[in-house]
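Numbering (UniProt numbering), first residue to last: 1 to 579.
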């Protein structure tokens, strides 16, 4: 509003912000004689103005006797006596807009005069034609008035009914450091603009003219919201952290796995995160697996070199090699788990996990079952148990593995393995196998876990057989330790689901530990005898007597198709069984 121009209320305390402002102010000249008249007024001679006493109290900060209480005079402790005088010296400032008040009063006066002259034919006072006053008719006369006001300016309404268009152009400038003042720099009158640019200074320390626009261009990543009805004026608002600018007026969210570029114009894919072999924990798992593979290959080498020795023959050569192949597969799983996920890699992971464990525990189960049947049948009959030959044992073992393979293929048919992107957080883009999210990895463990449980049961049932079959004790210790490892692994696996690297590496380490336990418990005693105590690698050392009965191993060196036939004679409770 032009009524706020040049008021101290606008600039006080905001000088630096208001500096350089150019504003307009209705042009008004002083009303001749008004200040002389007003300065002579006191509460003693100005009774007709009911607000004059309140003005007097505020001017002199005193309370007039018996005056009405106001929110201001209640704090004044000094009484007014009426002898005070207003003057320019004690703070009187003329009201600059009085010309408009006097012109308004005179305009109505001249309008009434013209109306009375035309309707009343010189009759004094209001004639009947003016009773009551017709506002519409009065407006007709009001629009026609023209006169010279008390300020000396001519007054006349425009054709639209407005007063004369007269404005002063005022400028708020810093005339010296820290001193600000409103100054007149021009006028606008009769559709003519007069502006003295030499007086205009927008900043005290600079002569630069600021750019005058309704709205500045929006910053990077900001959209425009146009002001209603305006094409050149807008507000700028920020797109969110995950939005890009579409055109000039709309923000749009980037899809999952994408973030805005620096310009907030395009969505850029977040680099895919997956388990990488260069992480510290992955390096540990790879090192552990590599040592396991090397040690397993060494065991295979020793077994092949001493394949016809009693220790190797007594351990069940065929199943031992199946077991060792399964161990190599388990140790190799680390390298497969650390590959970049793809549909094929995910399928290989799920298949190899299930098959490798099935090979290991199918071989152990077949061996445990053979030992159990030999010694339980020896207590009942001298007849040789069925399906204990190497060929039968391999058929049983691979049948058990085939069950796992069929189970996995059915699983793949109903839920094909695939690589997916996981977005745990908005900034995440993790490339993982879907089985990590759905926990369907454990489907591959269901059958091996069942085999582990059965093997553990057999280990308990055969724990008291003659010491010549220490194999059962080694199997038992292997199963007990394996159960402990997997009981510890399951809660760790589920609590690390949000950290895919830690989750998969934990699985890899658990698999390596299981394979290591099996390798150490089942094969280290045999390697120990073969390499360090070859004197015990003879038939007689495998035939001690115990309180449970006697076990004799009788070997007849009768060549049959260039192979050796080994007879195991079990004598228990007076019964003799040939194996």
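Here a beta-carbon is modelled for each residue, glycine too, at the ideal position from N, C-alpha and C.
Quantities reported herein were computed from a predicted structural model and do not represent experimental measurements.
TODO: Could you please give the first and the last residue of the uninterrupted beta strand (DSSP E) stretch that includes residue 216?
DONE: Premise fails: residue 216 is in no beta strand (DSSP E) and is neither H nor E.
- [ ] State the beta-bridge partners of residue 259 as determined by DSSP.
- [x] 268
Task: N- and C-terminal bounds of the alpha helix (DSSP H) containing residue 427 - done: That residue, residue 427, is in no alpha helix (DSSP H); it is neither H nor E in DSSP.
- [ ] Just tell me which of 340, 290, 314 has its CA closest to the CA of residue 331.
- [x] 290
TODO: Mind checking which residues open and close the beta strand (DSSP E) that includes residue 210?
DONE: Neither: residue 210 is in no beta strand (DSSP E) and is coded neither H nor E.
- [ ] Below 8 Å on the Cβ atoms is my guess for residue 232 versus residue 214; work out the distance and round it to an integer in Å.
- [x] Correct: roughly 5 Å between the Cβ atoms.
- [ ] Helix, strand or coil for residue 82, going by three-state DSSP, please let me know.
- [x] coil
- [ ] Examine chain B for any beta-carbon lying closer than 7 Å to the beta-carbon of residue 61, and answer yes or no.
- [x] Absent from the structure is chain B; it holds one protein chain and no more.
- [ ] Whole angstroms is fine: what's the gap from residue 592's alpha carbon to residue 243's?
- [x] Residue 592 cannot be examined here, being either before or after the span of the chain that is shown, 1 to 579.
TODO: In the DSSP assignment, find the unbroken alpha helix (DSSP H) run with residue 223 in it and report its ends.
DONE: Unbroken run through residue 223 is the beta strand (DSSP E), 222 to 226; no alpha helix (DSSP H).
Open item on the list: With H, G and I counted as helix, E and B as strand and the rest as coil, what does DSSP make of residue 184?
Closed with: Residue state, collapsed to three classes: strand.
Open item on the list: For the structure I just gave you, are there three or more beta carbon pairs, one from the stretch 442 to 457 and one from the stretch 248 to 266, closer than 8 Å?
Closed with: no
- [ ] Measure the C-alpha to C-alpha separation of residue 508 and residue 334 and round it to an integer number of angstroms.
- [x] 5 Å
Open item on the list: Could you check whether residue 311 and residue 485 sit closer than 7 Å to each other, using their CB atoms as the reference points?
Closed with: no
Task: Per DSSP, cross-strand counterpart(s) of residue 252 - done: 244
Task: Cross-strand partners of residue 148 (DSSP beta bridge) - done: 154
Task: Under 7 Å between C-beta atoms of residue 433 and residue 474 - done: no
Open item on the list: For a quick check, are the C-beta atoms of residue 401 and residue 365 less than 7 Å apart?
Closed with: By the CB criterion at 7 Å, residue 401 and residue 365 fall outside the cutoff.
TODO: Return the chain-ordered list of same chain residues with a C-beta closer than 8 Å to the C-beta of residue 155, the five sequence neighbours on each side being excluded.
DONE: 103, 106, 107, 145, 146, 147, 148, 149, 163, 164
Task: Cβ neighbour criterion (16 or more within 10 Å) applied to residue 116 - done: buried
Task: For residue 338, the three-state DSSP class (helix, strand or coil) - done: coil
Open item on the list: Once the 5 residues before and after residue 127 are set aside, which same chain residues still bring their CB inside 6 Å of it?
Closed with: 120
- [ ] Have a look at residue 259 and residue 429 and give me their C-alpha separation to the nearest angstrom.
- [x] 10 Å
Open item on the list: Does residue 92 come out as helix, strand or coil in the three-state DSSP assignment?
Closed with: coil
Open item on the list: Tell me which residues share the same chain as residue 342 and place their Cβ nearer than 8 Å to its Cβ, disregarding the 5 neighbours each side in the sequence.
Closed with: 419
- [ ] Report the partner residues of residue 174 according to the DSSP bridge assignment.
- [x] 180
- [ ] Could you check if residue 516 is buried or exposed, using at least 16 other CB atoms within 10 Å of its CB as the buried criterion?
- [x] Residue 516 is buried by the Cβ-count criterion.
Task: Presumed contact (8 Å Cβ cut-off) between residue 43 and residue 82, rounded CB distance - done: 6 Å
Task: Segment limits, alpha helix (DSSP H) that includes residue 519 - done: 500 to 532
Task: Member of 261, 186, 76 whose CA lies at the smallest distance from the CA of residue 220 - done: 261
Task: C-alpha gap between residue 455 and residue 498, whole angstroms - done: 34 Å
Open item on the list: Under DSSP, the beta strand (DSSP E) around residue 435 begins and ends at which residues?
Closed with: No beta strand (DSSP E) holds residue 435; the alpha helix (DSSP H) holding it covers 434 to 438.
Open item on the list: Determine whether the beta carbon atoms of residue 481 and residue 492 lie at a separation below 7 Å.
Closed with: no
Open item on the list: Just to confirm before moving on: does the CB-CB distance between residue 423 and residue 340 stay below 7 Å?
Closed with: no
Task: In DSSP terms, what residue 22 is bridged to - done: 171
TODO: Check whether the Cβ atoms of residue 254 and residue 223 sit closer than 7 Å, and answer yes or no.
DONE: no
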